[in-house]
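Below is one structure, written out as structure tokens; comments come after it.
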Amino acid sequence: MTPPGAGAPSAAGVPPAAGTGAAAGAGPGPLERALRARRDAGRKLLVPYVTAGAVDDWVQVVRAVAAAGADAVEVGLPFSDPMIDGPTIQQASLTALRRGTTPQAALAELAGADVGVPLVVMTYYNLVFRAGERRFARTLADSGVAGAIVPDLPLEESAGWREEAGAAGVDTVLLVAPSTPDERARRICEACRGFVYGVGLMGVTGERSELAGTARQVARRLRAVTDLPVCVGVGVTTARQAAEICEDADGVVVGSALVRRLLDGGGPDAAAALVAGFRSAID
Amino acid sequence: MSDASGHGPGSGAAPPGAGRRAGVAVMGEPDARGRFGRFGGRYVPESLVPACAELEAAFRAAWADPAFHAELQGILTSYGGRPTPVTECRRLSAELGVRVLLKREDLAHTGSHKINNVVGQALLARRMGKSRLVAETGAGQHGVATATAAALFGMDCTVYMGEVDVERQALNVFRMELLGAEVRPVASGSRTLKDAVNEALRDWVATVGHTHYCLGSVMGPHPYPWMVRELQRVVGDEAREQCRQLLGGDPDVVVACVGGGSNAAGTFAGFADTSAELVGVEAAGGAAVRRGVPGVLHGMASLLLQDEAGQILEAQSISAGLDYPGIGPEHAHLADVGRARYDTAADDEVLAAFTLLARTEGIICAFESAHAVAWLVREAGRSVPSGSTVLVTLSGRGDKDVAQARELLR
Chain A
1 MTPPGAGAPS
11 AAGVPPAAGT
21 GAAAGAGPGP
31 LERALRARRD
41 AGRKLLVPYV
51 TAGAVDDWVQ
61 VVRAVAAAGA
71 DAVEVGLPFS
81 DPMIDGPTIQ
91 QASLTALRRG
101 TTPQAALAEL
111 AGADVGVPLV
121 VMTYYNLVFR
131 AGERRFARTL
141 ADSGVAGAIV
151 PDLPLEESAG
161 WREEAGAAGV
171 DTVLLVAPST
181 PDERARRICE
191 ACRGFVYGVG
201 LMGVTGERSE
211 LAGTARQVAR
221 RLRAVTDLPV
231 CVGVGVTTAR
241 QAAEICEDAD
251 GVVVGSALVR
261 RLLDGGGPDA
271 AAALVAGFRS
281 AID
Chain B
284 MSDASGHGPG
294 SGAAPPGAGR
304 RAGVAVMGEP
314 DARGRFGRFG
324 GRYVPESLVP
334 ACAELEAAFR
344 AAWADPAFHA
354 ELQGILTSYG
364 GRPTPVTECR
374 RLSAELGVRV
384 LLKREDLAHT
394 GSHKINNVVG
404 QALLARRMGK
414 SRLVAETGAG
424 QHGVATATAA
434 ALFGMDCTVY
444 MGEVDVERQA
454 LNVFRMELLG
464 AEVRPVASGS
474 RTLKDAVNEA
484 LRDWVATVGH
494 THYCLGSVMG
504 PHPYPWMVRE
514 LQRVVGDEAR
524 EQCRQLLGGD
534 PDVVVACVGG
544 GSNAAGTFAG
554 FADTSAELVG
564 VEAAGGAAVR
574 RGVPGVLHGM
584 ASLLLQDEAG
594 QILEAQSISA
604 GLDYPGIGPE
614 HAHLADVGRA
624 RYDTAADDEV
634 LAAFTLLART
644 EGIICAFESA
654 HAVAWLVREA
664 GRSVPSGSTV
674 LVTLSGRGDK
684 DVAQARELLR
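Following this line, the structure appears as structure tokens:
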């Protein structure tokens, strides 16, 4: 099996990632190439998040948000103990698990989805570990997934996974928090592929009426240490907040605001409308 | 399990040089990444990595500081009631045909060994300039202990407790409130200890600037498993000296109950380099060593009850304190290298042992502690030969369980 993009030369104009250690030797994969190309063309990046299995037609939701202007779609594989997630995504995860969602089934559904933009899977490390790092990375690649976010796998624990993901052609997106010192942020960015995920606030995922001051701060700090696309997520609730963050960031990740609409019964159309609103606000 | 990468806990065998019996260098410091063999580590969101590093640095500095030890020991003596006695059980010994000694953590202030850990962590929190403690609790013993330390040091305190446990340990909820703590019931997941840990971690991510997470067992991300074991080793260090005075040597067997495993880790630490056999007793419904497989939860790689996809399963036990689908990583390692063995006790055996100890020795112990007693009742004359000398750590007193026992025994 050859993962999409594996072994392909880097897109023209993409600077080599600095200081790549042996454990993270793989160059940028299709996710990073796609996002860099769009960013370099002057476009702000919009990455909506959908919990796999939270609603019956979740794959249609993924397609709908892609068509409504997403540059990549983050798909959450539900875990029983989502410790960095707030009430909305906890509920979506629990609902998905009660509906019998498994990582294998969700990825199989995605494999045939033909979404049109890169897919990024977000899940907790135990699911990766249980499957085996290599097998999980290959399953992602075989399902057409271009990137992975594993929020409870910090830099020091992630070398083995990054190596397997890189070998399979999957970019590992790492997170930088408001509490991360600059020197550490620099090392994280060196190991990171795809885009770097700036955590907008100290706290769990979920909607916030006010934009945290840390959201733009973390974007500015990341801009100073990396050339990777910088997307900020956690606490990004409204289109206006997204536009504000995009004054400093390359893009935003929108999770709970979208998932709540799905849990409230809004289908693919409601999801698409929300994403279209974000799109026009950041353009 | 994990393929070839050599980074996950599923890879590799016991470290070279780790033997199976006494005299082996176990229960020392974990490696630089906080690992005991293939278990442990620091699997936390990036937001918490700096806080874990800060805590590790603070603990290392404090643990090397005689002034810290002096203050800790002073509080544990004048306030905590240490040293706790070792009680020779004449009637129970006669009943079982083995010589039974109890390490009486039930006599420590707040009624369990938990006070040893929380006083140490509260002192550390103060050194780090933190003004608030957050904790998880199952049975409520660690919550009560944390609320106590917070009152003693003038700190704010929030305790997360699963709704199921709030129900079955209502008196401990009131105790915590009486001590000035806020108890927040947790309605997510299985609504027990596992979910209380999730919620405490979520709180800590948002409040880490002024809050210390006072974790109650030898679990969680590095440095907690190591730090909590060191704060609890006073149990084993005292017991070893007391046994030598009473017996002129070490006991043949040392037994303690294991949920996360802090009283067992503290006890074992005092005997790791002796010839005593070390036995940890889990709840039959939460037997992570026997039924668990390697995985990652709550910041650590350890043995966990989980399904094929890696979803965590719910433990089931009469005792809220052992109702946890995992085990501290160092215990998983001790099982790996064979230095300790882990067995289980079923709810009915536990209830019988709880009653037996009350009637033969006049001691009403916690349901958690009754697991260790129940194991000995079952194994005396079997895997524990008649005439053996056995030290059992009685981790806590049973006041909190009396109402539930009354229902169950009716």
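Protein chains in written order, with the numbering used here: chain A, 1 to 283; chain B, 284 to 693. C-beta: ideal position from N, C-alpha, C; glycine also.
Residue i classed as buried or exposed, judged by whether at least 16 other C-beta atoms fall within 10 angstroms
i, result
"Thr-475 of chain B", "buried"
"His-352 of chain B", "exposed"
"Pro-368 of chain B", "exposed"
"Gly-42 of chain A", "exposed"
"Leu-262 of chain A", "buried"
"Phe-457 of chain B", "exposed"
"Gly-265 of chain A", "exposed"
"Gly-69 of chain A", "buried"
"Thr-360 of chain B", "exposed"
"Ser-280 of chain A", "exposed"
"Glu-312 of chain B", "exposed"
"Leu-461 of chain B", "exposed"
"Ala-165 of chain A", "buried"
"Ala-304 of chain A", "Coverage of chain A is limited to positions 1 through 283, which leaves residue 304 of chain A absent and any answer about it impossible."
Residue i in three-state terms, based on DSSP
i, result
"Pro-3 of chain A", "With a pLDDT of 38 at Pro-3 of chain A, under the threshold of 50, the modelled position of that residue is not reliable, and the figure given next carries that caveat. Three-state DSSP puts Pro-3 of chain A in coil, outside helix and strand."
"Met-459 of chain B", "helix"
"Asp-682 of chain B", "helix"
"Tyr-443 of chain B", "strand"
"Met-583 of chain B", "strand"
"Pro-577 of chain B", "strand"
"Val-667 of chain B", "strand"
"Arg-409 of chain B", "helix"
"Asp-264 of chain A", "coil"
"Ser-395 of chain B", "strand"
"Val-196 of chain A", "strand"
"Asp-626 of chain B", "strand"
"Ile-595 of chain B", "strand"
"Arg-415 of chain B", "strand"
"Arg-223 of chain A", "helix"
"Glu-164 of chain A", "helix"
"Thr-238 of chain A", "coil"
"Gly-251 of chain A", "strand"
Residues bridged to residue i (per DSSP)
i, result
"Pro-229 of chain A", "Note: Pro-229 of chain A sits in no beta bridge, so no partner."
"Gly-147 of chain A", "A:Val-120, A:Asp-171"
"Thr-493 of chain B", "Before going on, a small fix: residue 493 of chain B reads as His here, not Thr. According to DSSP, which records beta bridges pairwise, His-493 of chain B is partnered with nothing at all."
"Phe-322 of chain B", "B:Phe-319"
"Val-50 of chain A", "A:Val-75"
"Arg-44 of chain A", "Residue identity check: residue 44 of chain A is Lys in the sequence provided, not Arg. Its beta-bridge partners do not exist; DSSP assigns none."
"Leu-384 of chain B", "B:Glu-371, B:Leu-674"
"Thr-205 of chain A", "DSSP lists no partner for Thr-205 of chain A."
"Cys-648 of chain B", "B:Arg-680"
"Glu-465 of chain B", "B:Thr-441"
"Thr-475 of chain B", "For Thr-475 of chain B, which the question treats as bridged, DSSP gives no partner whatsoever."
Rounded Cβ spacing between residue i and residue j (contact assumed at less than 8 Å)
i, j, result
"Ala-146 of chain A", "Val-115 of chain A", "So it is not a contact: roughly 10 Å between Cβ atoms."
"Glu-423 of chain B", "Met-444 of chain B", "Residue identity differs from the one stated: residue 423 of chain B is Gly in this sequence, not Glu. Going by Cβ atoms, the distance from Gly-423 of chain B to Met-444 of chain B rounds to 7 Å, so yes, they are a contact pair."
"Glu-651 of chain B", "Val-199 of chain A", "With 8 Å as the limit, Glu-651 of chain B and Val-199 of chain A do not qualify as a contact, their Cβ atoms being about 38 Å apart."
"Ala-655 of chain B", "Cys-497 of chain B", "Their Cβ separation, rounded to whole angstroms, is 25 Å, which puts Ala-655 of chain B and Cys-497 of chain B out of contact at 8 Å."
Cβ pair residue i, residue j closer than 8 Å
i, j, result
"Val-417 of chain B", "Ala-344 of chain B", "no"
"Ala-548 of chain B", "Arg-523 of chain B", "no"
"Val-620 of chain B", "Leu-639 of chain B", "no"
"Gly-426 of chain B", "His-392 of chain B", "no"
"Ala-271 of chain A", "Gly-235 of chain A", "no"
"Met-202 of chain A", "Arg-485 of chain B", "no"
"Pro-87 of chain A", "Gly-206 of chain A", "yes"
"His-581 of chain B", "Val-469 of chain B", "no"
"Thr-214 of chain A", "Pro-178 of chain A", "yes"
"Pro-118 of chain A", "Thr-101 of chain A", "no"
"Ala-635 of chain B", "Ala-649 of chain B", "no"
"Leu-586 of chain B", "Gly-575 of chain B", "yes"
"Leu-127 of chain A", "Pro-151 of chain A", "no"
"Leu-153 of chain A", "Tyr-197 of chain A", "no"
"Gly-532 of chain B", "Gly-553 of chain B", "no"
"Ala-567 of chain B", "Asp-535 of chain B", "no"
"Gly-543 of chain B", "Ala-623 of chain B", "no"
8 Å Cβ cutoff, residue i in contact with chain D
i, result
"Tyr-125 of chain A", "The structure shown contains no chain D; the protein chains it does contain are A and B."
The ligand GDP heavy atom lying under 7 Å from the CB of residue i
i, result
"Met-438 of chain B", "Ligands are entirely absent from the displayed structure, and the ligand GDP is therefore not among its contents."
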